[in-house]
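Numbers in this note's numbering are just positions in the sequence shown, counted from 1, shifted up by 426.
Even glycine gets a Cβ: it sits at the ideal position worked out from N, Cα and C.
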Amino acid sequence: MTFPAVRDETSAPYFDALREGRFMLRSCTRCGHVCRPDTLSCSSCHSDELTWVGSAGDGVVVSAVVDHASSPGPTVLALVELCEGPWLASRILDVTTAADVPASTPVRLNIVELVEGEAIPAFVLIT
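Below, the structure is given as C-alpha cells:
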C-alpha cells in the first residue's frame with residue numbers, strides 16, 4: 427500500500443521543487459545545520475528559522491529492509507544518509523532484496539512521479 431504524500435502550506439515549496447526535478451532540504455539560518463525536508467525546527471539549535479536549500483541527492487545506505495506486504499511486489503526500503511547530512515527513509519528502486527544494498531552502498535536520488543498525488547523521492551544505486 428502506498429500512502430500519498432500530502433501537500434500543505436509548509437511543504438508546498440518542497441513538492442514544487444520535486445515537480446521541477448529538484449530536491450530540497452531545510453537549512454537553519456541561525457546555525458547552518460541542514461535538516462530533512464519535513465523539519466519544522468532545527469534539530470541542532472531548535473530554531474524555527476529555516477530556509478530551503480538544494481541537495482545534490484547523493485548519499486549512502488545506512489540500513490535496508492524489504493517490505494513483503496507492499497503491492498505489486500516486495501519493496502526495498504532504506505535509511506539513506508545524504509551527503510549534506512540528513513537521513514531519509516525512502517524506497518530503493520531496481521533492487522529486490524536488502525542484500526542488494528548493504529550499508530555504505532552509494533545511491534542517487536530518483537524523483538518518482540505518481541499517477542495520483544505528489545512526486546516523491548526514491549533512490550537508485552550508483553554504478
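Put simply, the backbone Cα of Leu535 is about 8 Å away from that of Ala482.
Under the DSSP definition of a beta bridge, Ser516 partners with Ala504. For Ala548, no alpha helix (DSSP H) segment is defined; the enclosing uninterrupted segment is the beta strand (DSSP E) at Ile546 to Leu551. One alpha carbon belongs to Thr531, the other to Ala438, and they sit about 31 Å apart. Here the C-alpha atom of Arg462 lies approximately 6 Å from the C-alpha atom of Pro512. Secondary structure at Pro498: coil, using DSSP grouped into helix, strand and coil.
Check the Cα spacing between Glu510 and each of Val479, Val550 and Leu519: the tightest is with Val479. The alpha-carbon separation between Val538 and Arg456 amounts to approximately 32 Å. For Asp464, there is no enclosing beta strand (DSSP E), as DSSP marks it with neither H nor E. Residue state for Arg445 is assigned as helix, using DSSP reduced to three classes. Taking a cut-off of 8 Å for Cβ pairs, the region 483 to 494 and the region 460 to 475 do not touch, as fewer than three such pairs fall below it.
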